[in-house]
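Colleague: Chains as they are written, first to last, in the working numbering: chain R, 30 to 647; chain G, 19 to 215.
Quick one: this structure, given as structure tokens, is what I'll be asking you about.
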Amino acid sequence: MHKLLTDQPGEKMLLLGNEAIARGAFEAGVAVAATYPGTPSSEISLNLFQMSHESDFYFEYSTNEKVSLEVAAAAANSGVRSFCMMKHVGMNVAADAFMTLAYLGVKGGMVILSADDPFMFSSQNEQDNRYYGKFGGLPLVEPSSVAESKEMVKYAFELSEKLQEPVIFRTTTRINHSNGIVELGSITPPKTKGYIKKDPMNQVPVPAVSRNLHVKLLKNLKLAEEIAAQSEYNFIDGDGELGIICNGVSYGYAKDALKDLKLEDKVKILRIGFSNPLPASLIKDFLKGCTKVLIIEEGEPFMEEAVKAFAFEEKMELTIKGKDETLFSRLYEFDPVMVTKNIAAFFDIAYTPPEVPDLSNVPEIPQRPPNLCAGCSHRASFYIVKQAAQGMDTICPTDIGCYTLGFLPPLSMGDFLICMGASAGASCGFSAATDQKVIAFIGDSTFFHSGIAGLVNAVFNNHNLTLVILDNGTTAMTGHQPNPGVEMEKLGMEGYNRISIKSVVEALGVPKITVIKPFKVKKSIKAVKEALEFKGVSVIISEEVCTLYAKSLKTLKVRPFHITDKCKNHKTCINELACPAFFLKNDRVHIEPDLCVGCAVCAQICPENAILPLKNRE
Amino acid sequence: MDVTRLIIVAVGGQGNLLSSRVLGEAALLAGIPVRMSEIHGMAQRGGVVESAIVFGDAASSIISDGCADVLVGFEPSETLRALNKCNKNTVVITNMTPLPPFTVAIGRGVYPDLDQLQTLVKEKTARLIAFDAVALAKEAGNVLAVNMVLLGALIQTGILPLTADQIKEAIRTKTKKAFVETNIKAVDLGAAAAAQD
Ligand SMILES: Cc1ncc(C[n+]2csc(CCOP(=O)(O)OP(=O)(O)O)c2C)c(N)n1
Ligand code: SF4
Ligand code: SF4
């Protein structure tokens, strides 16, 4: 049995934040959960996916975040509890549905989880999604610890049902990817089936209906503010004339700092866990007794601006600071020493930060950048396209996935990237605005997520471009989740259909379609050349399963290669492929047999045919 | 209760997250408050994995520069890279078997000299325990037990509020049954190596 299904209320478990959140949804009796994967949210859905096989609730990997939100919205409007989770930028994809769902509201509880990523450990931006709460007019809660996460998920479901609105649950990476001790609660069995009554005057937002729905939304928001003012998740610790207002992980840092600085009985903290709408009355009361207040929040000055406005409304004379050149930054994440230092500075307390060793005599340590795996099919595809495009003045929009790493030398394939799916759309723009040869790269999951629309546009508007779809049969980057092109039988799962990328591309009327097997290098280069020469839209589908995925499915047949003494040390293999299985010893290239999987790509490009399968492997 | 801060650095695939998990489970068994945070910058694609583990009465789950009481490095150059987490009172435990990053393997970077590396770490911290953990893992019966060897050394120092028995109990109840014996042997070998150092 999955450990998160354990029915032992009171038992303590060491859980990852994302496990605690999944458990919270399960304890709350979630009936329908939907997602599109994205770090740092992915383990929530992975656990729910696994749990759903042994439980009554429904889980799906949806095509993209917007679809997952729509699935969850419909379920909640049928009266069951639904949960939809995504990476912060996923909210941008789901935003259209999100903004009007706020008008419609829900019947059963619905929680939308946004996993923000300050410092961009694994993201393209560090947007602060608390603004989605404000933008949509929906309640937003955010935990400060792993243990609190589980309780807060349950609270979010109850709040959603009370207000008949979806509730946003915002986390940051340091919640998702921290472990803490969590006490299991009792499990509410899900109500798995609901019923939706026809009620078009409330459920079909044509202008006349929406005008009423917006009134309802604002009324709910007002009610939400009253609840926020009473909420157990907005609380005050301590007493004094000096104040701190903080949220999320900053609360833990502030608590530790006050202890270190021996300020616990001089400074009070208002911890905001229910942060949209902000509880104006509670904050104003808090400010009343204070001479100085420091706002500690990662990201944007979301609370700071509001708190300053509240003080202004009340004509209060006090110093309120937060984001400031000498205090907190809008950039990156905070850490305990930084918070302690700023608290000490703001309240004029002496503090000597820990001494960091003088590292000036430490030699430069070689970087350890992530690299495509040994035998990754993307490496072969990039090499092939690069060879085929020789002599062309190219621009290569790329997209998000493992293959983004192809932008690094020596492959250097990837010149422009915005967000998931944008390679196809941006290609159309480059086709219109330049005379360069446009060659775009997109992964299979990304193609289904949002690349299709760009390709439809390319065909309709008759752009001149080549789209290379890197079909490795999985969503590799985020942990090998299924996508609509995946063979679910390989995962031992039935009841799914598989969508063939080639059929989709054919059905769109793409005039030139080429399928290559990238481990057949010469044949593929020839086919790609033809596709690149085509005027109009051409699509190349490069089909080869992700090596790491094949390894986990135990379908990978490893056959390591080695470099024989025919090698004349041109180093073509290292200089052009840079497979991590290569290493240099005494300036000669070698292959690490434990890393090589035997894709044979290097063997095909070696001008001396010096790379051969290792016959007698001990 | 006093706070003890531990940083573990490793290269993806070295089993760092399992060793943090064992420590966390042992703390849970011992009734010691614990919080841990992990950053796996594309671990599966050869990146660095860092865990921060905070034992005792603190609310933070990450560790600022200069604040680690102990640093455990699974790979010598990664130990060196993490020196910014240390201070002059930090105890450092490191495996000495290098896993040169790919940049070095292809001649775009120089791997630090191992003797100089040890001198540098000793110079800037309170104590360095350095040994070949891979050899001991092999001796225990599984090359992949480097994580358990280092756990053994860590416990031997007595810096953490945990005993070897609590660690072994966590290994018995929370890791794969098939590896329990080798893992426990690896812990003992690591502890013996640290005791000699
Ligand atoms: C809107 C949005 N959702 C999710 C993500 C997280 N994410 C990054 S890459 C990726 C999937 C990539 O899969 P695929 O296109 O098949 O490429 P592969 O990694 O398999 O090479 C996901 C889900 C994101 N960056 N943006
Ligand atoms: S996980 Fe798969 S797609 Fe990603 S780099 Fe490795 S082999 Fe390539
Ligand atoms: S065959 Fe060559 S390119 Fe393929 S994994 Fe082995 S060393 Fe790397």
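Think of the CB as a built atom: it goes at the ideal place given N, C-alpha and C, for glycine as much as any other residue.
Is there at least one Cβ from chain R nearer than 8 angstroms to F92 (chain G)'s Cβ?
Modeller: Taking Cβ atoms only, chain R never reaches closer than 8 angstroms to F92 (chain G), which makes this a no.
Colleague: Please classify N491 (chain R) as buried or exposed, where buried requires at least 16 neighbouring CB atoms within 10 angstroms.
Modeller: Label assigned to N491 (chain R): exposed.
Colleague: Where do the ends of the beta strand (DSSP E) carrying D500 (chain R) lie?
Modeller: Note, D500 (chain R): beta strand (DSSP E), L494 to D500.
Colleague: Taking the straight line between their C-alpha atoms, what separation do you get for A556 (chain R) and L494 (chain R)?
Modeller: Cα to Cα, A556 (chain R) sits roughly 16 angstroms from L494 (chain R).
Colleague: Any C-beta of chain G within less than 7 angstroms: which residues of the region 38 to 59 of chain R qualify?
Modeller: Result list: K41 and L43.
Colleague: Between which residues of its own chain and L44 (chain R) is the CB-CB distance below 6 angstroms, once the five residues before and five after are set aside?
Modeller: The residues are V211.
Colleague: Once you ignore the five residues that flank E647 (chain R) on each side, which residues in its own chain have a CB closer than 8 angstroms to its CB?
Modeller: Low confidence applies to E647 (chain R): its pLDDT is 44, below 50, so where it sits in the model is not reliable enough to give any reading.
Colleague: Cα-Cα, which of R:L347, R:I468 and R:F264 is closest to S310 (chain R)?
Modeller: Answer by Cα proximity: R:F264.
Colleague: Give the list of continuous beta strand (DSSP E) stretches no shorter than 3 residues that lie fully inside the region 231 to 272 of chain R.
Modeller: Whole beta strand (DSSP E) segments, 3+ residues: 263 to 266.
Colleague: Is there a Cβ from chain G that is less than 8 angstroms from the Cβ of Q79 (chain R)?
Modeller: Q79 (chain R) does not count as touching chain G.
Colleague: Taking any Cβ of chain G, which residues in the region 611 to 626 of chain R have a Cβ under 7 angstroms from it, in chain order?
Modeller: Cβ contacts with chain G: F611, F612 and L613.
Colleague: For R63 (chain G), is the beta carbon positioned less than 7 angstroms from some heavy atom of ligand 5?
Modeller: Here the bound small molecules are ligand 1, ligand 2 and ligand 3; ligand 5 is not part of this structure.
Colleague: Given this structure, state the Cα-to-Cα distance separating E572 (chain R) from D500 (chain R), to the nearest angstrom.
Modeller: If you take the alpha carbons of E572 (chain R) and D500 (chain R), they lie about 5 angstroms apart.
Colleague: Could you check the C-alpha separation between L192 (chain R) and L252 (chain R) for me, to the nearest Å?
Modeller: Roughly 8 angstroms between the two C-alpha positions.
Colleague: Can you give me the C-alpha to C-alpha distance between F363 (chain R) and G176 (chain G), rounded to a whole angstrom?
Modeller: Cα to Cα, the separation comes out at about 31 angstroms.
Colleague: Using 10 angstroms around the beta-carbon of Q419 (chain R), count the other beta-carbons present and answer buried if the total reaches 16, otherwise exposed.
Modeller: Under this definition Q419 (chain R) is an exposed residue.
Colleague: Counting only runs that start and end within the region 170 to 198 of chain G, where is the alpha helix (DSSP H) found for 4 or more residues in a row?
Modeller: Qualifying alpha helix (DSSP H) stretches, in chain order: 182 to 192.
Colleague: Does any heavy atom of ligand 1 sit closer than 7 angstroms to the C-beta of N23 (chain R)?
Modeller: This structure does not reach residue 23 (chain R), given that chain R is present from 30 up to 647, and the question cannot be answered.
Colleague: Any beta carbon from chain R within less than 8 angstroms of L177 (chain G)'s own beta carbon?
Modeller: Contrary to the premise, residue 177 (chain G) reads as Ile rather than Leu in this sequence. Output row for I177 (chain G): interface = no.
Colleague: Among the residues of its own chain, which have a CB less than 8 angstroms from the CB of V618 (chain R), if the five just before and after it don't count?
Modeller: For V618 (chain R), where only same-chain residues beyond five positions count, the Cβ hits under 8 angstroms are I592, C596, N598, K600, C602, I603, F611 and F612.
Colleague: Can you tell which of R:G46, R:I50, R:A51 and R:E56 has the C-alpha that lies nearest to the C-alpha of Q37 (chain R)?
Modeller: The residue with the shortest Cα to Cα distance from Q37 (chain R) is R:E56.
Colleague: Going by C-alpha to C-alpha distance, which of R:F357, R:T320 and R:K344 sits closest to E333 (chain R)?
Modeller: Checking every option, the nearest Cα to that of E333 (chain R) belongs to R:F357.
Colleague: Using 10 angstroms around the beta-carbon of H407 (chain R), count the other beta-carbons present and answer buried if the total reaches 16, otherwise exposed.
Modeller: Looking at its Cβ environment, which holds 16 or more other Cβ atoms inside 10 Å, H407 (chain R) is buried.
Colleague: Just checking: is the beta-carbon of I57 (chain G) within a distance shorter than 8 angstroms of some beta-carbon in chain R?
Modeller: For I57 (chain G), the answer is yes, since a Cβ of chain R falls inside 8 angstroms of its Cβ.
Colleague: Does DSSP put M80 (chain R) in a helix, a strand or coil?
Modeller: If DSSP states are grouped into helix, strand and coil, M80 (chain R) belongs with the helices.
Colleague: Taking only the alpha-carbon atoms, compute the straight-line gap between L537 (chain R) and V488 (chain R) and give it to the nearest angstrom.
Modeller: Roughly 7 angstroms between the two C-alpha positions.
Colleague: In angstroms, rounded to a whole number, what distance separates the CA positions of L292 (chain R) and N371 (chain R)?
Modeller: Approximately 13 angstroms, taken between the alpha carbons.
Colleague: Would D266 (chain R) pass as a contact of I298 (chain R) if the rule is Cβ separation under 8 angstroms?
Modeller: Yes; because the gap between Cβ atoms is below 8 angstroms, this pair is in contact.
Colleague: Give the single residue among R:Y380, R:K558, R:G209 and R:V587 whose Cα lies nearest to the Cα of L41 (chain G).
Modeller: Comparing Cα-Cα distances from L41 (chain G) to each of R:Y380, R:K558, R:G209 and R:V587, the minimum goes to R:G209.
Colleague: Taking DSSP as the reference, what is the three-state secondary structure of G472 (chain R)?
Modeller: The answer is strand: DSSP assigns G472 (chain R) an E or B state.
Colleague: Please check if any C-beta of chain R sits within less than 8 angstroms of the C-beta of L180 (chain G).
Modeller: Closer than 8 angstroms: no.
Colleague: If the criterion is Cβ atoms closer than 8 angstroms, does the pair G46 (chain R) and S178 (chain R) meet it?
Modeller: Yes. Within cutoff.
Colleague: Taking Cβ positions only, does M54 (chain G) come closer than 8 angstroms to chain R?
Modeller: It does; some Cβ of chain R falls within 8 angstroms.
Colleague: Taking the C-alpha atoms as reference points, what is the distance between S111 (chain R) and A632 (chain R)?
Modeller: One C-alpha to the other measures close to 52 angstroms.
Colleague: Measuring only between beta-carbons, confirm whether E43 (chain G) sits less than 8 angstroms from chain R.
Modeller: Yes, its Cβ sits closer than 8 angstroms to a Cβ of chain R.
Colleague: Taking 6 angstroms as the limit between beta carbons, can you name the residues of its chain near K558 (chain R), skipping five residues before and five after?
Modeller: Around K558 (chain R): A417.
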